[in-house]
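Take any residue in the sequence shown, count from 1 to its spot, add 222: that is its number in our numbering.
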Amino acid sequence: MTAAVQQSSVRRAGAQRPRFAHPAEAEFAAFLDFYRIAWEYEPRSFPLRWQDGRIVEQFTPDFYLPEQDLYVELTTMKQSLVTRKHRKVRRLRELYPHVNIVLLYRKDYHEILSRFGYGSVDITSLRPDQIERVLLSPAEIQRRVAELGQQISTDYAGESLVLVGVLKGITFFLADLARAITRPLAIDYLQLSRDLREGVAIRKDLDLDIRGKHVLLVEDIVNTGLTLDFIKRVLREREPASLEVCALLDKAERRLVPVPVKYVGFTIPNEFVVGYGLDYRELYRNLPFICVLKREVYEANGNGHLIGGTGQEAAAEAAEPSLVATRVEVGSG
């Protein structure tokens with residue numbers, strides 16, 4: 223098999239900021255950056271009218287969103303300006319029917335969010351102003367999962383796989399990853415129980431016999447490595463042909479046990495994150511993006527104990543009682 227997949231660090235959309243013509247454009251760019259939506263500012267002008275072979279009128283939309291192949295023109299409530307822009311947008315659509323463009327009022331920013339999968343904020347009772355920042359957008363997650371699936375398919379060419387997920391946070395990632403892998407595969411699940419007196423144990427064991435099979439342990443997030451090391455020791459005793467780890471998120475700076483992770487989606491900072499399967503008190507799993515919430519969200523739910531920014535570690539403390547103060551990731555290493 224090939225070498226480990228190179229880890230992909232979190233990036234920021236629109237890193238180089240242009241000089242905007244209007245404060246509303248700067249506000250919209252900041253809005254897009256917050257939700258990690260890639261954008262370009264005035265990248266193209268469209269000729270609208272010609273005279274004697276010369277261009278006498280053209281239209282330059284304010285923004286282009288490459289992930290949706292969408293041009294955005296901002297407008298205010300001033301009627302004369304709206305009328306003029308509507309005319310230009312109509313003319314552009316007539317001349318360039320393949321070009322997608324919207325005329326956007328500030329109050330309609332939510333339309334852009336819905337195009338990029340952020341509408342799920344509404345059904346989780348989470349307001350946008352409760353989000354500290356979006357760490358990974360839906361588009362970034364989808365791209366990286368596809369890349370991981372392609373790499374795993376290449377590495378296991380000619381072989382079949384057993385994907386083992388650790389419940390519950392793995393649900394979304396495992397489903398998407400399995401669809402991205404082109405090799406024959408089976409899927410099974412483990413669930414752990416953690417008790418301060420008895421330590422970590424297997425609550426729900428595998429249904430499959432993995433002896434002699436290539437096993438890929440799929441984790442949502444790896445933190446200290448303690449839980450992951452425990453699971454790997456349990457699985458190795460069952461004599462698989464091979465055993466590797468794929469993790470969507472890696473908090474490498476928190477590692478206590480040097481457990482190798484061959485496939486890593488994103489290396490992230492030491493912060494508590496929710497979304498795409500990751501929860502806080504069983505909430506926010508169904509967010510299609512991964513974000514950091516504002517501290518008051520956790521305090522409102524009765525828990526301000528976010529030691530080192532890793533509040534989702536609480537239930538795993540029993541994995542190593544002597545390390546209760548550091549806390550281990552729930553459902554992961």
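No residue lacks a Cβ here, since even glycine has one placed at the ideal position from N, Cα and C.
Please list, in chain order, all residues of the same chain as I392 whose beta carbon is under 7 Å from its beta carbon, the five residues on each side excluded. Cβ neighbours of I392 beyond the five flanking positions: V440, E441, D442, G499.
N- and C-terminal bounds of the beta strand (DSSP E) containing S464: In the DSSP assignment, S464 falls within the unbroken beta strand (DSSP E) covering 464–472.
Relative to the C-alpha of L438, which residue among E493, S375, T489 is closest? Nearest option by C-alpha distance: S375.
Here's the rule: buried if 16 or more other CB atoms are within 10 angstroms of the residue's CB, otherwise exposed. What is P360? Taking every protein chain shown into account, the CB of P360 has 16 or more other CB atoms within 10 angstroms, so this residue is buried.
Which listed residue (A397, V384, G380) has its alpha carbon closest to that of L407: L407 has its Cα closest to that of V384, out of A397, V384, G380.
Output yes or no for whether 8 Å exceeds the beta carbon distance between V388 and L412. Going by C-beta atoms, V388 is nearer than 8 Å to L412.
For V386, the nearest candidate out of F253, C468, P265 (CA to CA): Closest option to V386, Cα to Cα, is C468.
Does the count of Cβ pairs from the stretch 304–320 and the stretch 469–483 closer than 8 Å reach three? No: the two stretches stay apart, fewer than three of their Cβ pairs being nearer than 8 Å.
I believe A402 touches A368 by the beta-carbon criterion, under 8 Å. Please report the beta-carbon distance rounded to the nearest angstrom. Cβ-Cβ separation between A402 and A368: approximately 5 Å, consistent with a contact (criterion under 8 Å).
What residues are listed by DSSP as bridge partners for R271? E279.
My output table needs one value for I392: the three-state DSSP class, helix, strand or coil. Correct three-state label for I392: coil.
Tell me the DSSP secondary structure of E218 in three-state form. What is shown of the chain runs 223 to 555, which leaves residue 218 out entirely.
Grab me the residues of R405's own chain with a C-beta within less than 8 Å of its C-beta, minus the 5 sequence neighbours each way, in chain order. Excluding residues within five positions, the ones whose Cβ falls inside 8 Å are I374, S375, Y378, A379, E381, S382, L383.
My output table needs one value for G533: the three-state DSSP class, helix, strand or coil. Low local confidence applies: a pLDDT of 36 at G533 is under 50, so the model's placement there is unreliable, with the coordinate-based value given in what follows. Of the three classes helix, strand and coil, the one that applies to G533 here is helix, per DSSP.
Inter-residue spacing [alpha-carbon to alpha-carbon] between I453 and T489: Cα to Cα, the separation comes out at about 21 Å.
Using the beta-carbon count (16 or more within 10 Å), is R258 buried or exposed? Around the beta carbon of R258, 16 or more other beta carbons sit within 10 angstroms, so the residue counts as buried.
From the DSSP output, in three-state form, read off H527 for me. Reliability of the predicted coordinates at H527 is poor, the pLDDT of 45 falling under 50, and no value is obtained from them.
Does DSSP classify A242 as helix, strand or coil? Here the sequence assigns Phe to residue 242, which means Ala is not the residue at that position. Assigned with DSSP and collapsed to three states, F242 falls in coil, not helix or strand.
Of all the options L457, K390, A397, which has the alpha carbon lying nearest to the alpha carbon of Y502? Out of L457, K390, A397, K390 has the C-alpha closest to the C-alpha of Y502.
Return yes when the Cβ of F242 is within less than 8 Å of the Cβ of A248, no when it is not. For A248 and F242, yes; Cβs fall inside 8 Å.
Closest by C-alpha distance to D427, when choosing among L348, S415, K473: Comparing Cα positions, the closest option is S415.
Residue range of the alpha helix (DSSP H) that V456 falls in? In this chain, the alpha helix (DSSP H) harbouring V456 covers 448–458.
Over the uninterrupted beta strand (DSSP E) stretch that includes V294, give me the two end residues. Per DSSP, V294 belongs to the beta strand (DSSP E) from 292–296.
Rounded to a whole number of angstroms, what is the C-alpha to C-alpha distance between I363 and G371? Looking at the two C-alpha atoms, the distance is approximately 12 Å.
Provide the residue span of the beta strand (DSSP E) that contains L358, from first to last. From DSSP, the beta strand (DSSP E) with L358 extends over 353–358.
Tell me the DSSP secondary structure of K484 in three-state form. Secondary structure at K484: coil, using DSSP grouped into helix, strand and coil.
Tell me whether R455 is buried or exposed, calling it buried when 16 or more other Cβ atoms sit within 10 Å of its Cβ. Per the 10 Å Cβ criterion, exposed.
Using C-beta distances below 6 Å, list every residue in its chain close to I512, excluding the 5 sequence neighbours before and after it, in chain order. So the qualifying residues of the chain are L357, L358, V495, G497, Y498.
For E475, I'd like the list of residues in its chain whose CB is within less than 7 Å of its CB, leaving aside the five on either flank, ordered along the chain. Excluding sequence neighbours, E475 sits near N492.
Go ahead and pull the three-state DSSP assignment for T376. Secondary structure of T376 (DSSP, three-state): helix.
Once DSSP output is grouped into helix, strand and coil, what is the label at L317? In the three-state scheme derived from DSSP, where H, G and I count as helix and E and B as strand, L317 is classed as helix.
So, at 6 Å on beta carbons, what are the nonlocal neighbours of F281 in its own chain, with the 5 sequence-adjacent residues on each side left out? Same-chain partners within the cutoff: F268, L270, K310, L314.
So is Y327 buried or exposed if we call it buried at 16+ other beta carbons inside 10 Å? In this structure Y327 is exposed. Its beta-carbon is surrounded by fewer than 16 other beta-carbon atoms within 10 angstroms.
DSSP three-state assignment for K516, whether helix, strand or coil: Coil, per DSSP.
Can you grab the Cα-Cα spacing for the pair S554 / E504, in whole Å? The predicted position of S554 is uncertain, since its pLDDT is 49 and thus under 50; no value can be drawn from it.
Bridge partners of E371, per DSSP? Sequence check: residue 371 is Gly here, not Glu. Under DSSP, G371 forms no beta bridge with any residue.
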